[in-house]
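Numbering (UniProt numbering), first residue to last: 1 to 349.
1) I need the boundaries of the alpha helix (DSSP H) containing residue 177, first residue and last residue.
2) Any chance the region 232 to 241 sits against the region 8 to 20, with 3 or more Cβ pairs inside 8 Å?
3) Can you tell me where the alpha helix (DSSP H) with residue 38 in it begins and where it stops?
4) From 86, 168, 187, pick the residue whose C-alpha is nearest to that of residue 150; which is it?
5) Quick check: the Cα distance between residue 198 and residue 94, rounded to an integer number of angstroms?
6) Could you give the distance in angstroms between the alpha-carbon of residue 98 and the alpha-carbon of residue 200?
7) Candidates 263, 313, 222, 87: which alpha carbon is nearest residue 126's?
8) Can you pull the DSSP bridge partners for residue 47?
9) Using CA atoms only, rank isn't needed, just tell me which of 89, 75, 74 is closest to residue 81.
10) Which residue from 220, 209, 172 puts its Cα closest to that of residue 58?
11) Which ranges would you report for the beta strand (DSSP E) in the region 90 to 160 if only whole runs of at least 3 residues count?
12) Between which two residues does the beta strand (DSSP E) holding residue 235 run?
13) Determine the DSSP secondary structure at residue 267, reduced to helix, strand or coil.
14) What three-state label does DSSP hand residue 67 in the structure shown?
15) Ignore the nearest five residues each way along the sequence and tell me which others in residue 170's own chain have a CB closer than 7 Å to its CB.
16) Going by the CB atoms, is the gap between residue 259 and residue 38 shorter than 7 Å?
17) For a quick check, are the C-beta atoms of residue 140 and residue 183 less than 7 Å apart?
18) Since residue 109 contacts residue 91 with CB under 8 Å, what's their CB separation in whole angstroms?
19) Ordered along the chain, which non-local residues of its own chain (more than five positions away) have a Cβ less than 8 Å from that of residue 234?
20) So, for residue 314: in the same chain, excluding its five sequence neighbours on each side, which residues have a beta-carbon less than 6 Å away from its beta-carbon?
21) Ends of the alpha helix (DSSP H) at residue 280?
22) In the structure shown, what three-state DSSP assignment does residue 8 receive?
23) Using the C-alpha atoms, what's the distance from residue 53 back to residue 371?
24) At the level of alpha carbons, what is the spacing between residue 161 and residue 265?
25) Measuring alpha carbon to alpha carbon, tell me which residue in 303, 267, 248 is nearest residue 278.
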């Protein structure tokens, strides 16, 4: 099979299925070849994800412990204070993260909360970190405001194929997700968009999801591939596990279809062996979340990731940084600005 090392946007379902059908070693060889043509082979981009508003989400995503539709005994929390978020961002930076991602469990940002999120983004940028948020559905004005404060990435996953989607979520349509992605892209913000494997879908649904992502022009700059983390109390708590080789195949096909995107080995790593993670990196994954939690889900401790990186000869991807003095000044400035802002409130009340 002649596999291009540069992006194309016209992959057919038959072509994507043919990639999944390749012998495992051949598939990994092709994926690694494409990876090396576009990226430093032994570097992995490191992000940290923080839940800035937890629980009581009105959406009914069957996999999610934050949904208000299910009893998962998750303690709900209001929007975090800006200063606390920036303190977490600083800690993430000290541990090696180059991107700080903030997630809020709601269908869409409210007029009350949105200004605080904008302040968080400004503060994260002043710390010398890339910024990413996942806030649900956006309108045109919200997408514009996010771009104006310098947001680098907006995360909004498609989760699965268009055909299987309604089996997982009914409160937000597939088209609604695509519309939000278009609004973000139209305002010049990069996209972080991927899906979840192991929802009970068939291989044809993994084919459909990756083909959908590959048809975006340009491709999402970041493509998170998640393994379902089953949570007691959700409708998917007893779904059958996905074979790990199938998960690795999905990583490899994503790398081939979107050769210049960062493919993130995302949720589910805590349950994976070092060997499985190593094969995912071999298959073209070159981004991870660093830290003990992904929103409300467990993640390997930073020390374990560092040890794995050392074993594999992997280095965290670097970016232009700012001085420690500038970081301290940014934190102090944000604290002062928050206290003086007319829209300040105590998020713990």
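For every residue, glycine included, the Cβ atom is placed at its ideal position computed from N, Cα and C.
Straight from the coordinates:
1) In the chain shown, residue 177 corresponds to position 177, counting from 1. Taken as a continuous stretch (DSSP letters only), the alpha helix (DSSP H) holding residue 177 covers 174 to 186.
2) no
3) As a working mapping, residue 38 is identified with position 38 in the chain shown. From DSSP, the alpha helix (DSSP H) with residue 38 extends over 24 to 38.
4) Here the question's residue 150 lines up with position 150 in the chain shown. For the residues 86, 168, 187, the minimum Cα distance to residue 150 belongs to 187.
5) Residue mapping note: residue 198 aligns to position 198 of the chain shown, counting from 1. Residue mapping note: residue 94 aligns to position 94 of the chain shown, counting from 1. So the two alpha carbons sit approximately 33 Å from each other.
6) For the purposes of this step, residue 98 is identified with residue 98 of the chain shown, where counting begins at 1. For the purposes of this step, residue 200 is identified with residue 200 of the chain shown, where counting begins at 1. Here the alpha carbons of residue 200 and residue 98 stand approximately 34 Å from one another.
7) Indexing the chain shown from 1 puts residue 126 at position 126. Among 263, 313, 222, 87, the Cα nearest to that of residue 126 is on 87.
8) For the purposes of this step, residue 47 is taken as residue 47 along the chain shown, with counting starting at 1. Per DSSP, the beta bridge partners of residue 47 are 99, 289.
9) Within the chain shown, residue 81 is the residue found at index 81, counting from 1. It is 89 whose Cα lies nearest to the Cα of residue 81.
10) Here residue 58 is taken as the residue at index 58 of the chain shown, counted from 1. For the residues 220, 209, 172, the minimum Cα distance to residue 58 belongs to 172.
11) 99 to 104, 130 to 134, 153 to 155
12) On the chain shown, position 235 is the one that residue 235 refers to. Element bounds for residue 235: n/a, residue is neither H nor E.
13) What you label residue 267 is simply residue 267 of the chain shown in a count that begins at 1. DSSP, reduced to helix, strand and coil, places residue 267 outside both helices and strands of the structure shown, so it counts as coil.
14) Within the chain shown, numbered from 1, the residue matching residue 67 stands at position 67. Note: residue 67 maps to strand in three-state DSSP.
15) Mapped onto the chain shown, residue 170 falls at position 170. Counting only Cβ-Cβ distances below 7 Å, and skipping sequence neighbours, we find 60.
16) Residue numbering aside, residue 38 sits at position 38 when the chain shown is read from its first letter. Residue numbering aside, residue 259 sits at position 259 when the chain shown is read from its first letter. Taking 7 Å as the Cβ cut-off, residue 38 and residue 259 qualify as a contacting pair.
17) Taking the chain shown and counting its residues from 1, the one referred to as residue 140 is at position 140. Taking the chain shown and counting its residues from 1, the one referred to as residue 183 is at position 183. Yes. Within cutoff.
18) Residue 109 sits at position 109 when you count from the first residue of the chain shown. Residue 91 sits at position 91 when you count from the first residue of the chain shown. Not a contact, Cβ separation roughly 25 Å.
19) Within the chain shown, residue 234 is the residue found at index 234, counting from 1. Around residue 234: 62, 63, 64, 65, 67, 70, 72.
20) Walking along the chain shown from the start, residue 314 turns up at place 314. For residue 314, where only same-chain residues beyond five positions count, the Cβ hits under 6 Å are 42, 44.
21) The residue given as residue 280 occupies position 280 in the chain shown. First-last of the alpha helix (DSSP H) with residue 280: 274 to 282.
22) One-based indexing of the chain shown puts residue 8 at position 8. Three-state result, residue 8: coil.
23) Summary: the structure shown does not reach residue 371, with the chain confined to residues 1 through 349, and so no result is reported for it.
24) Looking up residue 161 in the chain shown gives position 161. Looking up residue 265 in the chain shown gives position 265. Computed Cα separation, rounded: 19 Å.
25) Here residue 278 corresponds to residue number 278 of the chain shown, with the count starting at 1. Considering only alpha carbons, the answer is 248.
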